[in-house]
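Novice: This is the structure I have questions about; it appears just below.
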Amino acid sequence: METRNLGTTGPTVAALGLGLMGMSDLYGTADEAESIATIHAALDAGLTLLDTGDFYGMGHNELLLREALRGRNRDDAVISVKFGALRDAEGGWNGVDVRPVAIKNFLAYTLRRLGTDHVDIYRPARLTPDVPVEDVVGTIAELVKAGHVRHIGLSEVNAETLRRAHAVHPITDLQIEYSLISRGPEAEVLPTARELGVGITAYGVLSRGLISGHWTAQRETAGTDFRSHLPRFAGANLDRNLALVDALRAIAEARGVTVAQIAIAWVLARGESIVPLIGARRRDRLTEALGAAAITLTEADLAAIETAVPAGAAAGARYDEAQMAHLDSERA
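Heads up: the sequence shown runs through residues 1 to 332, numbered per full-length UniProt numbering.
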(Lines of atoms letter the chains of each structure in order from A and count residues from 1; the text may use other names and numbers.)
(Lines give C-alpha, C1' and ligand atoms only; values in the text may rest on other atoms or scores of the structure.)
Protein backbone atom coordinates (compact mmCIF):
# COMPACT_ATOMS: atom_id res chain seq x y z
CA MET A 1 0.00 0.00 0.00
CA GLU A 2 1.32 3.43 -0.98
CA THR A 3 1.92 5.77 1.94
CA ARG A 4 1.35 9.49 2.34
CA ASN A 5 2.32 12.04 4.96
CA LEU A 6 -0.43 13.78 6.89
CA GLY A 7 0.87 17.29 6.43
CA THR A 8 4.40 18.38 7.19
CA THR A 9 4.14 17.62 10.91
CA GLY A 10 2.00 14.49 10.97
CA PRO A 11 2.57 10.75 10.72
CA THR A 12 3.09 8.68 7.59
CA VAL A 13 -0.02 6.61 6.89
CA ALA A 14 -1.36 4.38 4.15
CA ALA A 15 -2.87 6.25 1.21
CA LEU A 16 -6.32 5.03 2.26
CA GLY A 17 -7.79 5.17 5.76
CA LEU A 18 -10.73 3.38 7.35
CA GLY A 19 -13.66 5.33 8.79
CA LEU A 20 -15.41 3.37 11.53
CA MET A 21 -18.56 5.42 12.17
CA GLY A 22 -20.98 3.15 10.31
CA MET A 23 -19.92 0.19 12.43
CA SER A 24 -21.71 1.73 15.41
CA ASP A 25 -24.09 4.44 14.30
CA LEU A 26 -26.16 6.33 11.74
CA TYR A 27 -26.19 3.79 8.88
CA GLY A 28 -28.54 1.28 10.45
CA THR A 29 -27.65 -2.00 12.14
CA ALA A 30 -24.12 -3.32 11.71
CA ASP A 31 -22.73 -6.76 12.53
CA GLU A 32 -20.13 -6.40 15.29
CA ALA A 33 -18.18 -9.53 14.42
CA GLU A 34 -18.03 -8.50 10.75
CA SER A 35 -16.97 -4.99 11.78
CA ILE A 36 -14.04 -6.34 13.78
CA ALA A 37 -13.13 -8.69 10.93
CA THR A 38 -13.17 -5.70 8.56
CA ILE A 39 -10.81 -3.72 10.82
CA HIS A 40 -8.49 -6.75 10.96
CA ALA A 41 -8.61 -7.10 7.17
CA ALA A 42 -7.81 -3.40 6.76
CA LEU A 43 -4.78 -3.63 9.06
CA ASP A 44 -3.61 -6.81 7.32
CA ALA A 45 -3.87 -5.01 3.97
CA GLY A 46 -1.59 -2.25 5.23
CA LEU A 47 -4.14 0.41 6.17
CA THR A 48 -2.97 2.27 9.25
CA LEU A 49 -5.27 5.28 9.77
CA LEU A 50 -8.40 4.35 11.74
CA ASP A 51 -10.91 7.16 12.23
CA THR A 52 -13.46 7.13 15.04
CA GLY A 53 -15.38 9.51 17.30
CA ASP A 54 -16.23 9.33 20.98
CA PHE A 55 -19.89 9.99 20.14
CA TYR A 56 -20.21 7.24 17.50
CA GLY A 57 -22.66 4.93 19.19
CA MET A 58 -22.09 6.87 22.43
CA GLY A 59 -18.72 5.23 23.03
CA HIS A 60 -19.47 1.93 21.29
CA ASN A 61 -17.17 2.69 18.36
CA GLU A 62 -14.15 3.23 20.60
CA LEU A 63 -14.89 0.04 22.53
CA LEU A 64 -15.25 -1.81 19.22
CA LEU A 65 -11.86 -0.51 18.11
CA ARG A 66 -10.30 -1.54 21.41
CA GLU A 67 -11.59 -5.07 20.89
CA ALA A 68 -10.33 -5.12 17.29
CA LEU A 69 -6.85 -4.08 18.42
CA ARG A 70 -6.70 -6.61 21.24
CA GLY A 71 -3.62 -8.81 20.76
CA ARG A 72 -2.21 -6.52 18.08
CA ASN A 73 0.57 -3.96 18.21
CA ARG A 74 -1.04 -0.65 19.20
CA ASP A 75 1.57 1.23 17.19
CA ASP A 76 0.45 -0.45 13.96
CA ALA A 77 -2.60 1.82 14.03
CA VAL A 78 -2.82 5.61 13.77
CA ILE A 79 -5.97 6.37 15.74
CA SER A 80 -7.85 9.57 14.91
CA VAL A 81 -10.62 10.60 17.32
CA LYS A 82 -13.26 13.31 17.00
CA PHE A 83 -14.94 14.78 20.07
CA GLY A 84 -17.44 17.42 21.06
CA ALA A 85 -20.86 16.16 20.00
CA LEU A 86 -23.33 15.61 22.82
CA ARG A 87 -25.80 12.70 22.76
CA ASP A 88 -28.63 11.31 24.86
CA ALA A 89 -29.64 7.77 25.79
CA GLU A 90 -31.96 7.54 22.78
CA GLY A 91 -29.19 8.52 20.38
CA GLY A 92 -30.41 12.08 19.95
CA TRP A 93 -28.18 15.12 19.52
CA ASN A 94 -27.79 17.82 22.15
CA GLY A 95 -25.34 20.24 20.59
CA VAL A 96 -21.58 20.59 20.84
CA ASP A 97 -19.27 21.27 23.77
CA VAL A 98 -15.65 22.27 23.08
CA ARG A 99 -14.89 24.14 26.30
CA PRO A 100 -11.38 23.38 27.60
CA VAL A 101 -12.68 21.53 30.64
CA ALA A 102 -14.96 19.42 28.42
CA ILE A 103 -12.11 18.57 26.04
CA LYS A 104 -10.00 17.21 28.88
CA ASN A 105 -12.97 15.22 30.16
CA PHE A 106 -13.75 13.75 26.72
CA LEU A 107 -10.14 12.65 26.26
CA ALA A 108 -9.99 10.95 29.65
CA TYR A 109 -12.98 8.80 28.74
CA THR A 110 -11.61 8.11 25.26
CA LEU A 111 -8.28 6.85 26.60
CA ARG A 112 -10.08 4.52 28.99
CA ARG A 113 -12.43 3.15 26.32
CA LEU A 114 -9.62 2.63 23.82
CA GLY A 115 -7.33 1.10 26.43
CA THR A 116 -4.40 3.26 25.38
CA ASP A 117 -2.28 6.02 26.87
CA HIS A 118 -2.46 8.29 23.83
CA VAL A 119 -4.50 9.26 20.81
CA ASP A 120 -2.54 9.82 17.61
CA ILE A 121 -4.76 12.61 16.23
CA TYR A 122 -7.38 14.43 18.29
CA ARG A 123 -9.86 16.85 16.76
CA PRO A 124 -13.14 18.65 17.49
CA ALA A 125 -15.92 17.32 15.29
CA ARG A 126 -17.48 20.78 15.15
CA LEU A 127 -16.73 24.20 16.60
CA THR A 128 -19.07 26.58 18.43
CA PRO A 129 -19.19 30.39 18.21
CA ASP A 130 -18.78 30.79 21.97
CA VAL A 131 -15.37 29.07 22.16
CA PRO A 132 -12.63 30.52 19.92
CA VAL A 133 -10.70 27.96 17.90
CA GLU A 134 -7.55 29.34 19.54
CA ASP A 135 -8.82 28.11 22.92
CA VAL A 136 -9.74 24.70 21.50
CA VAL A 137 -6.35 24.18 19.85
CA GLY A 138 -4.51 25.62 22.85
CA THR A 139 -6.20 23.08 25.12
CA ILE A 140 -5.32 20.16 22.86
CA ALA A 141 -1.75 21.52 22.69
CA GLU A 142 -1.59 21.10 26.47
CA LEU A 143 -2.62 17.47 26.01
CA VAL A 144 0.11 17.06 23.40
CA LYS A 145 2.65 18.41 25.87
CA ALA A 146 1.36 15.99 28.50
CA GLY A 147 1.82 13.07 26.09
CA HIS A 148 -1.84 12.10 25.83
CA VAL A 149 -2.18 13.32 22.23
CA ARG A 150 0.38 13.09 19.44
CA HIS A 151 -1.08 15.44 16.80
CA ILE A 152 -3.88 18.00 16.47
CA GLY A 153 -6.47 17.81 13.72
CA LEU A 154 -9.57 19.77 12.78
CA SER A 155 -12.85 18.90 11.10
CA GLU A 156 -15.07 20.89 8.74
CA VAL A 157 -13.51 24.33 9.19
CA ASN A 158 -13.05 27.08 6.64
CA ALA A 159 -9.75 28.54 5.42
CA GLU A 160 -9.72 31.45 7.86
CA THR A 161 -10.35 29.22 10.87
CA LEU A 162 -7.65 26.85 9.69
CA ARG A 163 -5.15 29.72 9.57
CA ARG A 164 -6.09 30.90 13.07
CA ALA A 165 -5.76 27.39 14.47
CA HIS A 166 -2.45 26.71 12.76
CA ALA A 167 -1.01 29.92 14.23
CA VAL A 168 -1.54 28.47 17.73
CA HIS A 169 -0.13 24.98 17.09
CA PRO A 170 0.71 23.06 13.90
CA ILE A 171 -2.39 21.31 12.56
CA THR A 172 -1.61 17.88 11.18
CA ASP A 173 -4.71 17.40 9.08
CA LEU A 174 -8.14 18.74 8.32
CA GLN A 175 -10.94 16.22 7.98
CA ILE A 176 -13.53 17.42 5.51
CA GLU A 177 -16.10 15.95 3.15
CA TYR A 178 -14.62 15.79 -0.35
CA SER A 179 -15.82 13.75 -3.28
CA LEU A 180 -16.84 14.04 -6.90
CA ILE A 181 -20.14 15.56 -5.80
CA SER A 182 -18.86 17.52 -2.78
CA ARG A 183 -16.18 19.82 -4.13
CA GLY A 184 -16.61 22.91 -2.00
CA PRO A 185 -13.14 22.59 -0.40
CA GLU A 186 -11.46 23.19 -3.77
CA ALA A 187 -12.11 26.95 -3.71
CA GLU A 188 -10.25 28.00 -0.57
CA VAL A 189 -9.76 25.18 1.92
CA LEU A 190 -7.52 22.89 -0.14
CA PRO A 191 -5.21 25.70 -1.35
CA THR A 192 -4.88 27.02 2.20
CA ALA A 193 -4.14 23.57 3.61
CA ARG A 194 -1.42 23.05 1.01
CA GLU A 195 0.07 26.47 1.75
CA LEU A 196 0.22 25.72 5.48
CA GLY A 197 1.43 22.14 5.09
CA VAL A 198 -1.78 20.68 6.52
CA GLY A 199 -2.91 17.27 5.29
CA ILE A 200 -6.47 16.43 4.27
CA THR A 201 -8.36 13.35 5.36
CA ALA A 202 -11.31 13.24 2.98
CA TYR A 203 -14.46 11.60 4.29
CA GLY A 204 -17.64 10.91 2.34
CA VAL A 205 -15.62 10.00 -0.76
CA LEU A 206 -18.57 7.85 -1.89
CA SER A 207 -21.06 10.39 -0.53
CA ARG A 208 -22.37 7.91 2.06
CA GLY A 209 -22.88 5.24 -0.58
CA LEU A 210 -24.74 7.48 -3.01
CA ILE A 211 -22.01 7.34 -5.66
CA SER A 212 -20.79 3.84 -4.80
CA GLY A 213 -22.65 2.24 -7.68
CA HIS A 214 -24.62 0.13 -5.21
CA TRP A 215 -27.41 2.59 -4.35
CA THR A 216 -30.72 2.41 -6.23
CA ALA A 217 -33.86 4.52 -6.29
CA GLN A 218 -35.79 1.55 -4.86
CA ARG A 219 -33.57 1.13 -1.81
CA GLU A 220 -35.30 1.80 1.49
CA THR A 221 -33.48 3.09 4.56
CA ALA A 222 -34.23 2.14 8.15
CA GLY A 223 -35.33 4.77 10.64
CA THR A 224 -31.91 4.65 12.28
CA ASP A 225 -30.19 5.44 8.96
CA PHE A 226 -29.60 9.18 8.82
CA ARG A 227 -29.40 9.10 5.02
CA SER A 228 -33.19 9.03 5.02
CA HIS A 229 -33.01 12.67 6.15
CA LEU A 230 -30.34 13.89 3.72
CA PRO A 231 -31.47 16.04 0.77
CA ARG A 232 -29.32 14.22 -1.81
CA PHE A 233 -31.13 10.94 -1.12
CA ALA A 234 -34.63 12.37 -1.50
CA GLY A 235 -37.09 12.51 -4.40
CA ALA A 236 -36.00 14.28 -7.57
CA ASN A 237 -32.58 14.98 -6.04
CA LEU A 238 -31.91 11.26 -5.81
CA ASP A 239 -32.95 10.71 -9.42
CA ARG A 240 -30.62 13.46 -10.60
CA ASN A 241 -27.70 12.17 -8.52
CA LEU A 242 -28.15 8.58 -9.65
CA ALA A 243 -28.06 9.83 -13.25
CA LEU A 244 -24.60 11.19 -12.48
CA VAL A 245 -23.65 7.77 -11.14
CA ASP A 246 -24.82 6.16 -14.37
CA ALA A 247 -22.57 8.51 -16.35
CA LEU A 248 -19.68 7.59 -14.06
CA ARG A 249 -20.49 3.90 -14.46
CA ALA A 250 -19.81 4.07 -18.19
CA ILE A 251 -16.30 5.36 -17.50
CA ALA A 252 -15.67 2.73 -14.82
CA GLU A 253 -16.82 -0.10 -17.05
CA ALA A 254 -14.57 1.11 -19.87
CA ARG A 255 -11.65 0.83 -17.45
CA GLY A 256 -12.78 -2.54 -16.14
CA VAL A 257 -13.30 -1.24 -12.59
CA THR A 258 -16.28 -0.45 -10.39
CA VAL A 259 -17.99 2.88 -9.82
CA ALA A 260 -16.78 2.98 -6.22
CA GLN A 261 -13.21 2.33 -7.31
CA ILE A 262 -13.23 5.10 -9.92
CA ALA A 263 -14.73 7.56 -7.39
CA ILE A 264 -12.11 6.74 -4.75
CA ALA A 265 -9.30 6.81 -7.32
CA TRP A 266 -10.43 10.32 -8.34
CA VAL A 267 -9.98 11.57 -4.76
CA LEU A 268 -6.58 9.85 -4.54
CA ALA A 269 -5.55 11.66 -7.72
CA ARG A 270 -6.36 15.09 -6.28
CA GLY A 271 -3.02 15.37 -4.52
CA GLU A 272 -0.45 13.60 -2.37
CA SER A 273 -1.62 15.55 0.69
CA ILE A 274 -5.08 13.90 0.58
CA VAL A 275 -5.91 10.59 2.29
CA PRO A 276 -9.42 9.29 1.48
CA LEU A 277 -11.31 7.59 4.31
CA ILE A 278 -13.21 4.46 3.32
CA GLY A 279 -16.41 3.90 5.27
CA ALA A 280 -16.55 0.14 4.70
CA ARG A 281 -18.47 -1.91 7.25
CA ARG A 282 -17.91 -5.26 5.56
CA ARG A 283 -14.89 -7.07 4.15
CA ASP A 284 -16.32 -7.28 0.65
CA ARG A 285 -16.81 -3.51 0.48
CA LEU A 286 -13.31 -3.02 1.90
CA THR A 287 -11.82 -5.29 -0.73
CA GLU A 288 -13.58 -3.36 -3.48
CA ALA A 289 -12.36 -0.04 -2.10
CA LEU A 290 -8.78 -1.25 -1.76
CA GLY A 291 -8.76 -1.90 -5.48
CA ALA A 292 -8.88 1.85 -6.06
CA ALA A 293 -5.29 2.18 -4.83
CA ALA A 294 -4.07 0.27 -7.88
CA ILE A 295 -5.84 2.55 -10.38
CA THR A 296 -3.88 5.27 -12.16
CA LEU A 297 -6.22 7.72 -13.83
CA THR A 298 -4.98 9.18 -17.11
CA GLU A 299 -5.59 12.74 -18.23
CA ALA A 300 -8.23 11.34 -20.59
CA ASP A 301 -9.89 9.54 -17.67
CA LEU A 302 -9.92 12.69 -15.56
CA ALA A 303 -11.37 14.72 -18.41
CA ALA A 304 -14.09 12.14 -18.98
CA ILE A 305 -14.93 12.08 -15.27
CA GLU A 306 -15.13 15.88 -15.19
CA THR A 307 -17.55 15.82 -18.11
CA ALA A 308 -19.68 13.11 -16.53
CA VAL A 309 -19.76 14.67 -13.06
CA PRO A 310 -18.80 18.35 -13.26
CA ALA A 311 -18.30 20.45 -10.15
CA GLY A 312 -21.63 21.59 -8.74
CA ALA A 313 -23.62 18.92 -10.54
CA ALA A 314 -25.07 17.28 -7.43
CA ALA A 315 -28.68 17.98 -6.52
CA GLY A 316 -29.33 18.86 -2.89
CA ALA A 317 -27.16 19.91 0.04
CA ARG A 318 -24.93 17.36 1.73
CA TYR A 319 -26.73 17.75 5.07
CA ASP A 320 -30.12 19.06 6.13
CA GLU A 321 -30.45 22.74 6.99
CA ALA A 322 -29.94 22.30 10.73
CA GLN A 323 -26.73 20.30 10.32
CA MET A 324 -25.38 22.65 7.65
CA ALA A 325 -25.69 25.51 10.16
CA HIS A 326 -23.11 23.79 12.39
CA LEU A 327 -20.45 23.61 9.66
CA ASP A 328 -17.74 26.24 9.98
CA SER A 329 -16.57 25.09 6.54
CA GLU A 330 -19.78 26.42 4.99
CA ARG A 331 -19.45 29.89 6.50
CA ALA A 332 -17.98 32.70 4.44
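Quick reminder that beta carbons are idealized off the backbone N, C-alpha and C, glycines included.
Give the range of the alpha helix (DSSP H) segment to which PRO100 is assigned.
Specialist: Position 100 of the sequence shown, counted from the start, is the residue given in the question as residue 100. Per DSSP, PRO100 belongs to the alpha helix (DSSP H) from 100-114.
Novice: Could you tell me the alpha carbon to alpha carbon distance between ARG240 and THR307, rounded to whole angstroms?
Specialist: The sequence position of residue 240 within the sequence shown is 240, counting from 1. The sequence position of residue 307 within the sequence shown is 307, counting from 1. If you take the alpha carbons of ARG240 and THR307, they lie about 15 Å apart.
Novice: Start and end of the beta strand (DSSP E) containing ASP173?
Specialist: On the sequence shown, residue 173 is found 173 positions in, with the first residue counted as 1. Its beta strand (DSSP E) spans residues 171-177.
Novice: In the DSSP output, what is ILE39 paired with across the bridge?
Specialist: Taking the first residue of the sequence shown as position 1, residue 39 is located at position 39. DSSP output for ILE39 lists no bridge partner at all.
Novice: Taking VAL309 as the reference, give the member of LEU69, LEU6, LEU242, GLY256 with the closest Cα.
Specialist: By 1-based counting over the sequence shown, the position of residue 309 is 309. Residue nearest to VAL309 within the set LEU69, LEU6, LEU242, GLY256 is LEU242 (criterion: CA-CA distance).
Novice: Return helix, strand or coil for ILE295, following the three-state DSSP convention.
Specialist: In the sequence shown, the residue the question calls residue 295 occupies position 295. Of the three classes helix, strand and coil, the one that applies to ILE295 here is coil, per DSSP.
Novice: Between the Cα of ALA33 and the Cα atoms of ASP328, ALA311, GLU288, ARG282, which residue gives the shortest distance?
Specialist: Looking up residue 33 in the sequence shown gives position 33. Nearest option by C-alpha distance: ARG282.
Novice: Counting Cβ pairs closer than 8 Å, one from the segment 79-92 and one from the segment 101-114, do we hit at least three?
Specialist: yes
Novice: Report yes if the C-beta distance between THR9 and THR172 is below 8 Å; otherwise report no.
Specialist: Mapped onto the sequence shown, residue 9 falls at position 9. Mapped onto the sequence shown, residue 172 falls at position 172. Yes, Cβ-Cβ distance for THR9 and THR172 is below 8 Å.
Novice: One question on the structure: do SER207 and SER182 come within less than 8 Å of each other, judged by their Cβ atoms?
Specialist: Here residue 207 refers to the residue found at position 207 when the sequence shown is read from its first residue. Here residue 182 refers to the residue found at position 182 when the sequence shown is read from its first residue. Against a cut-off of 8 Å, the Cβ pair of SER182 and SER207 comes out as a contact.
Novice: Could you spell out the range, first to last residue, of the beta strand (DSSP E) harbouring THR52?
Specialist: As a working mapping, residue 52 is identified with position 52 in the sequence shown. Residues 49-53.
Novice: For ILE274, name the three-state secondary structure that DSSP assigns.
Specialist: Counted from its first residue, the sequence shown places residue 274 at position 274. Collapsing the DSSP output to three states places ILE274 in a strand.
Novice: Classify ALA202 as helix, strand or coil using the three-state DSSP reduction.
Specialist: Locating residue 202 in the sequence shown gives position 202, counting from the first residue. ALA202 falls in the strand class under three-state DSSP.
Novice: Take GLU154 as the anchor and find which of VAL275, HIS166, GLU253, THR116 has the nearest alpha-carbon.
Specialist: For the purposes of this step, residue 154 is taken as the residue at position 154 of the sequence shown. Residue identity check: residue 154 is Leu in the sequence provided, not Glu. Among VAL275, HIS166, GLU253, THR116, the Cα nearest to that of LEU154 is on HIS166.
Novice: Using a threshold of 8 Å, state whether the C-beta atoms of ASN158 and ASP320 are closer than that.
Specialist: Along the sequence shown, one-based indexing puts residue 158 at 158. Along the sequence shown, one-based indexing puts residue 320 at 320. No; because the gap between Cβ atoms is not below 8 Å, this pair is not in contact.
Novice: Taking all protein chains shown into account, do 16 or more other C-beta atoms lie within 10 angstroms of the C-beta of GLY57, making it buried, or fewer, making it exposed?
Specialist: One-based indexing of the sequence shown puts residue 57 at position 57. That one is buried.
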